[in-house]
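Notes to accompany the following structure.
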Amino acid sequence: MKNCIYLVFLFLLLGCNYQSNQKKHVQITHKTINIKNNYIGKAGPIIFANNKIIGIDFMLDTCFFYIDTEKGELCRFGIKGQGANDFLYPYTLQQLSDNTFGVYDLTAKKFSEINIKDSIKLEQKHYVSKDIMSFNFKKLSNNRYLGFGPYKNEMFIITDSLGIKINAFYEFPYKDNNEKATKNHLRSMAYQGTISTNISNNKFIYTPTFGDIIHLYKWENDSIKIICKIECSYPSYTIEEGGGGFGAPLNPNNIAGYISSAATDQYIYLLYSGTKLIDFIKEKKEFCGNTLFIYNWEGKKLKELKLDIECRYITISTDNKILWGIAYNPDPELVYFDLSKID
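At position 35 of the sequence shown (counting the first as 1) the number is 34 in the numbering used here, and the numbers step up by one without a gap.
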């Protein structure tokens, strides 16, 4: 298609000796929240806030849901539309406090803050990426915003609440000088993935969906600083550019890696798939995985757990005791795993 940016990606995962280095894992079993009054359409990312699971629904006209985890009741809110308080394409979520969460609207290029304490209230909406395409936006401390996208020379930008660019940092990963010579905004298409912040919003993790890569960063003194980088393998891809669009199509026999992440101030949780992309395409199913890695913020892997059911998205309780997930069984359902008794 012309005059658009292709966000479809196909990748090659080389592995970082994942199987040969795999330690004995601990399997944990799930429990299901039986939703009594409603259902989830096509689930998107989820977060935990105020004892509720908040999620995006990509299928229904009401684009958000929250589930009371104690009562098992689901409530819908947020209208898809062109109105001042409507949403075009909400894409990512972020917990901001016990009672507030943020959402980045990919199409509108806006970041909204929503309060859920007593009632659902849209508090404010900011243009954070008015003149440039971004895959994701997160709010950082000191009222700054982190943009992640196909920028000309960088991987991250920092803006204020008006969407004015303040600074930019780093470039997308590359395996050698030949890949480094590829334009950054083209290379970005092969390295799309997830960004998760800690609860204090002064640290974040980046993982591409394909390729075995983990980057940890901290936000300090108005600067993004590298904590550590773990790069074991890189996606293999070709570049397409022309007619007003660009993309990075790759081999469908490649393997999905880290497909979802969550973080607290203490730990990082990574959901790993390990399944070929072609298998997801043939079965017409969402990305899913059942291997969970737990890291600390120094980049040390602490645990490897095997979930007894495959999940698409995960989030974690603020006390690190409960891992929540969206599983397709075959319809989307909310499940949870008790991590408190794991050594």
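From the three backbone atoms N, C-alpha and C, an ideal C-beta is built for every residue, glycine too.
For a test of the three-state rule: what should DSSP assign to residue i, helix, strand or coil?
i, result
"N20", "At N20 the pLDDT is 42, less than 50, meaning the model places this residue with poor confidence; the figure from the coordinates comes in the next sentence. Here N20 sits in coil by DSSP."
"S260", "strand"
"L185", "helix"
"N295", "strand"
"L11", "Because the pLDDT of L11 is 31, which lies under 50, any placement of that residue in the model is unreliable, and the number read from its coordinates should be weighed accordingly. It is coil, neither helix nor strand."
"N166", "strand"
"E285", "coil"
"Y159", "With the sequence shown as reference, residue 159 is identified as Asp, and Tyr is not the correct amino acid for it. Of the three classes helix, strand and coil, the one that applies to D159 here is coil, per DSSP."
"I343", "Here the chain covers residues 0 to 342 and nothing more, so residue 343 does not appear."
"K369", "The first residue shown for the chain is 0 and the last is 342, placing residue 369 beyond what the model contains."
"L276", "helix"
"A48", "strand"
"L231", "First, the amino acid is wrong: residue 231 is Cys here, not Leu. C231: coil per DSSP, three-state reduction."
"A247", "strand"
"Q265", "coil"
"T237", "coil"
"I212", "strand"
"Y271", "strand"
"I254", "strand"
Does the beta-carbon distance from residue i to residue j come in below 8 Å?
i, j, result
"I66", "I115", "no"
"T317", "T263", "yes"
"I238", "L185", "yes"
"Y169", "E153", "yes"
"I321", "Y335", "yes"
"N135", "T91", "yes"
"E72", "N50", "no"
"G324", "C310", "yes"
"I267", "Y294", "yes"
"I308", "H29", "yes"
"D56", "G40", "yes"
"I341", "I27", "yes"
"K138", "Q93", "yes"
"P251", "Y236", "no"
"D60", "F86", "no"
"T99", "V127", "no"
"N142", "S160", "yes"
"I24", "L304", "Rather than Ile, the amino acid found at residue 24 in this sequence is His. In contact: H24 and L304 (Cβ atoms closer than 8 Å)."
"F47", "G54", "no"
Who pairs with residue i in a beta bridge, going by DSSP?
i, result
"G324", "I313 and V334"
"I226", "The partner list for I226 (beta bridge, DSSP) is empty, contrary to what the question assumes."
"P207", "G192"
"K42", "The question names Lys, but residue 42 in the sequence shown is Ala. D56."
"F64", "G54 and R75"
"G242", "Looking at the DSSP assignment, G242 forms no beta bridge with any residue, so it has no partner."
"L304", "V25 and L291"
"F147", "N135 and F155"
"K202", "K217"
Is any heavy atom in the ligand ADP found nearer than 7 Å to the beta carbon of residue i?
i, result
"L95", "Ligands are entirely absent from the displayed structure, and the ligand ADP is therefore not among its contents."
Could you tell me which uninterrupted beta strand (DSSP E) segments, each at least 3 residues in length, are contained entirely in the region 68 to 143, listed from first to last along the chain? 72 to 78, 89 to 94, 99 to 104, 109 to 114, 120 to 126 and 135 to 138
Taking 8 Å as the cut-off, does the region 178 to 188 touch the region 199 to 207 (at least 3 CB pairs, one atom from each stretch)? The region 199 to 207 vs the region 178 to 188: no contact.
Does the structure place the region 209 to 217 close enough to the region 110 to 130 that three or more beta carbon pairs sit under 8 Å? Contact fails: fewer than three Cβ-Cβ distances are below 8 Å.
Does the region 249 to 263 come into contact with the region 285 to 295, if we say contact requires no fewer than three beta-carbon pairs (one atom in each stretch) closer than 8 Å? yes
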